[in-house]
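Okay, structure first, notes after.
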Amino acid sequence: MTHPGLLIAVVEDEEHLAQGLLFNLQAEGYRTHHEADGEAALRWLLQATSAASGDQPAAILLDVMLPGRDGFSIVSALRQSGCYTPVLMLTARGRSEDIVTGFAAGADDYLPKPFDLGVLMARLSALLRRMHWHKAIPATAPAPTPGTGITLAGHIINLDTLEIRPLHPQSPAAKTIHLTLMEAELLRYLLDHPGKVISRSELLENVWHVREDTDTRAIDNFIVRLRRYLEPNPAKPIHLLTIRAVGYRFLPEP
Numbered sequence: 017m018t019h020p021g022l023l024i025a026v027v028e029d030e031e032h033l034a035q036g037l038l039f040n041l042q043a044e045g046y047r048t049h050h051e052a053d054g055e056a057a058l059r060w061l062l063q064a065t066s067a068a069s070g071d072q073p074a075a076i077l078l079d080v081m082l083p084g085r086d087g088f089s090i091v092s093a094l095r096q097s098g099c100y101t102p103v104l105m106l107t108a109r110g111r112s113e114d115i116v117t118g119f120a121a122g123a124d125d126y127l128p129k130p131f132d133l134g135v136l137m138a139r140l141s142a143l144l145r146r147m148h149w150h151k152a153i154p155a156t157a158p159a160p161t162p163g164t165g166i167t168l169a170g171h172i173i174n175l176d177t178l179e180i181r182p183l184h185p186q187s188p189a190a191k192t193i194h195l196t197l198m199e200a201e202l203l204r205y206l207l208d209h210p211g212k213v214i215s216r217s218e219l220l221e222n223v224w225h226v227r228e229d230t231d232t233r234a235i236d237n238f239i240v241r242l243r244r245y246l247e248p249n250p251a252k253p254i255h256l257l258t259i260r261a262v263g264y265r266f267l268p269e270p
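Count along the sequence shown from 1, add 16, and you get the number used in this note's numbering.
Here it is, written out as structure tokens:
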């Protein structure tokens, strides 16, 4: 499934690979924009994805190893700026730690090099399809009621729209939090296993689908962010608990 006319940003410094991607994307009906330097790419992306931009990219194909600035820091800066354009990271670094680091930075998908062009196109189409589904929900829709989401710690979690909304939106401090796909998938897994002690290796296998015998502290970054979103006092969590030397435990009712 292609989406003719959509703009795809390609951030890749290997000229032969970049030209191959641009050629095939254009053959599928996409419009393209290419950047080869990390710093220049971030400047262009921040401008192109701003509210004032009339032609925002629908998705970003982002290499990790770039001159000037690496892909991890680029996607992290985009997310911090409030840009939630789908990002598919492309890299020769296929270690479990690198994959989880990419997701922790805010990437939506990760494809190690060398990759099959058909697989890349399928992954890209899936990202665009998911964003289309989310945009079909009006941005001005009223805040959900407790019956339309999961209520937790003064918030309503809607994993279908990747949002955490305040239970009382009239509060001065109330704001809607937009989740990345991996944040939502981790939160979904925790919500599905209340009270259970879950190891990091279990999360790697069932959330990130990394099946190597690897442990990584990158998962901690996700938990820290979820605590900032949900805990009354993130420094003293009562819902997302750390189980020393093992992993985590989610308690909906402390």
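The beta-carbon is built from N, C-alpha and C at its ideal position, and this holds for glycine as well.
Keep in mind it's a predicted model, so treat the numbers as computed, not measured.
Check	Outcome
With which residues is N174 paired in a DSSP beta bridge?	E179
Kindly indicate the opening and closing residues of the alpha helix (DSSP H) around E201.	197-208
Among the candidates L242, M198, D132, L246, whose CA atom is the shortest distance from the CA of I115?	M198
Between R265 and R204, what straight-line distance do the alpha-carbon atoms span, to the nearest angstrom?	13 Å
Along the alpha helix (DSSP H) that carries A64, what are the first and last residues, could you check?	54-64
Hey, out of P248, L267, R241, P128, whose CA is closest to G122's CA?	R241
Using alpha carbons as the reference points, say which of R260, L202, R145 lies closest to I235.	L202
Run through DSSP, which three-state label would G98 get?	coil
Taking the CB atoms as reference points, tell me whether D29 and L82 lie closer together than 8 Å.	yes
Short of 6 Å in beta carbon distance, which residues of its chain neighbour G84, apart from the five on each side in sequence? Order them along the chain.	D53, G54, E55
Spatial neighbours of E247 within its chain, please: C-beta separation below 8 Å, excluding the five flanking residues on both sides.	A169, P253, I254, H255, L256
What does the Cβ neighbour count give for N174, buried or exposed, with the cut at 16 atoms within 10 Å?	buried
Could you spell out where the alpha helix (DSSP H) holding F39 opens and where it closes?	31-43
Pull up the CB-CB distance for H171 and L183, whole angstroms please, since I reckon it's below 8 Å.	6 Å
What residue range is occupied by the uninterrupted alpha helix (DSSP H) comprising Q46?	The sequence as given places Tyr at residue 46; Gln does not occur at that position. Per DSSP, Y46 belongs to no alpha helix (DSSP H) and is neither H nor E.
Could you work out which residue in E44, A34, L267, L104 is closest to T167 when comparing CA atoms only?	L267
Could you tell me which residues DSSP puts in a beta bridge with M105?	L78, Y126
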